[in-house]
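The structure appears right after this line, and notes come after that.
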Amino acid sequence: MMQILHTSYEANKEAALEGLEHYYAEALEVAGETAPEFPTAYQEVNGQVSLEAHNSGSTVGRLLATYDDLTNSIRIDFLFVEKWQRGQNIGGLLIKHLEQDARSKSVQMMFVDTTLASAPDFYRKQGFEVIGQIENYPVLGDTYILMMKRL
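Number 135 in the UniProt record's numbering belongs to position 135 of the sequence shown; there are no gaps in the numbering.
In structure tokens:
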């Protein structure tokens, strides 16, 4: 009888990645290609990045992001700049710092989701492009926007 069990996320992830690595190696060999190494350079960061911008002893901006070792990408989870500090490129500096860290770890893509009512123009200025959107989500009259940037 089939059982579905709750298990350790990290142990299960490690086993799944190992299985996928073998799967892709076999699939590519059948296609006559050499299997690339799975990205591992940034796994020691535990998948998460937390940055703060400080000005005159105060925290004025925060950026949280998550590395995805399966897709060799990083996703901005949250970016917040204090209202009284907006327009001074603090968000841009946080993103630039994140990009430098990601590039040093051979990450290829950066993703962020936003809404039409939020900050798509800001992200466009940072080099992101729209790759998908959903109208009337998350609320009626707004648009969910998924953006990416190649590093």
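Glycine is no exception: its CB is placed at the ideal position from the N, C-alpha and C atoms.
For residue 138, which of 124, 127, 63 and 118 has the nearest alpha-carbon?
Translated into the one-based positions of the sequence shown, residue 138 becomes position 138. Nearest to residue 138 by alpha-carbon distance, out of 124, 127, 63 and 118, is 118.
Rounded to the nearest angstrom, what separates residue 65 and residue 96 at their Cα positions?
As a first step, residue 65 must be located in the sequence shown, where it is residue number 65. As a first step, residue 96 must be located in the sequence shown, where it is residue number 96. If you take the alpha carbons of residue 65 and residue 96, they lie about 13 Å apart.
Taking its Cβ as the centre, do 16 or more other Cβ atoms sit within 10 Å of residue 73, making it buried, or is it exposed?
As a first step, residue 73 is located in the sequence shown; it is residue number 73 there, counting from the start. Here residue 73 is buried: its Cβ has 16 or more other Cβ atoms, across all protein chains shown, within 10 Å.
In chain order, what are the residue ranges of uninterrupted alpha helix (DSSP H) at least 4 long that sit wholly in the region 59–115?
For the region 59–115, whole alpha helix (DSSP H) runs of length 4 or above, ordered along the chain, are 90–104.
Please report how far the alpha carbon of residue 111 lies from the alpha carbon of residue 60, in whole angstroms.
In the sequence shown, residue 111 corresponds to position 111, counting from 1. In the sequence shown, residue 60 corresponds to position 60, counting from 1. Looking at the two C-alpha atoms, the distance is approximately 23 Å.
Can you find the residues in the same chain that come closer than 8 Å, C-beta to C-beta, to residue 77, ignoring five residues on each side of it along the sequence?
Position 77 of the sequence shown, counted from the first residue, corresponds to residue 77. For residue 77, the CB contacts under 8 Å within the same chain, skipping 5 residues up- and downstream, are 64, 65 and 66 in chain order.
I need the DSSP call for residue 42, collapsed to helix, strand or coil.
The residue given as residue 42 occupies position 42 in the sequence shown. No answer about residue 42 holds up, because its pLDDT of 41 lies below 50 and its placement is not dependable.
Going by beta carbon distance, what residues of the same chain come within less than 6 Å of residue 142, once the five residues before and after it are set aside?
Taking the sequence shown and counting its residues from 1, one reaches residue 142 at position 142. Excluding residues up to 5 positions away in sequence, 115, 116 and 117 lie with their Cβ nearer than 6 Å to the Cβ of residue 142 in the same chain.
I need the straight-line Cα distance from residue 57 to residue 91, nearest angstrom please.
Within the sequence shown, numbered from 1, the residue matching residue 57 stands at position 57. Within the sequence shown, numbered from 1, the residue matching residue 91 stands at position 91. Between the alpha carbons of residue 57 and residue 91 lies a gap of roughly 17 Å.
Put residue 15 into one of helix, strand or coil per three-state DSSP.
Locating residue 15 in the sequence shown gives position 15, counting from the first residue. Shown here, residue 15 sits in a helix according to DSSP, grouped into three states.
Backbone CA spacing between residue 238 and residue 150 [nearest angstrom]:
For residue 238 there is no data in the structure shown, the boundaries of the chain being 1 and 151.
Spatial distance of residue 101 from residue 94 (CA atoms)
Along the sequence shown, read from residue 1 onward, the residue named residue 101 stands at position 101. Along the sequence shown, read from residue 1 onward, the residue named residue 94 stands at position 94. Rounded to the nearest angstrom, the gap between the Cα atoms of residue 101 and residue 94 is 11 Å.
Just how far apart, CA to CA, sit residue 104 and residue 136?
To locate residue 104, count along the sequence shown from 1; it is residue 104. To locate residue 136, count along the sequence shown from 1; it is residue 136. Whole-angstrom Cα-Cα distance: 38 Å.
For residue 21, the nearest candidate out of 98, 69 and 86 (CA to CA):
Within the sequence shown, residue 21 is the residue found at index 21, counting from 1. Looking at the Cα atoms, 69 is the closest of the given residues.
Extent of the continuous beta strand (DSSP E) to which residue 144 belongs:
Taking the first residue of the sequence shown as 1, we reach residue 144 at position 144. Residue 144 -> beta strand (DSSP E) spans 143–150.
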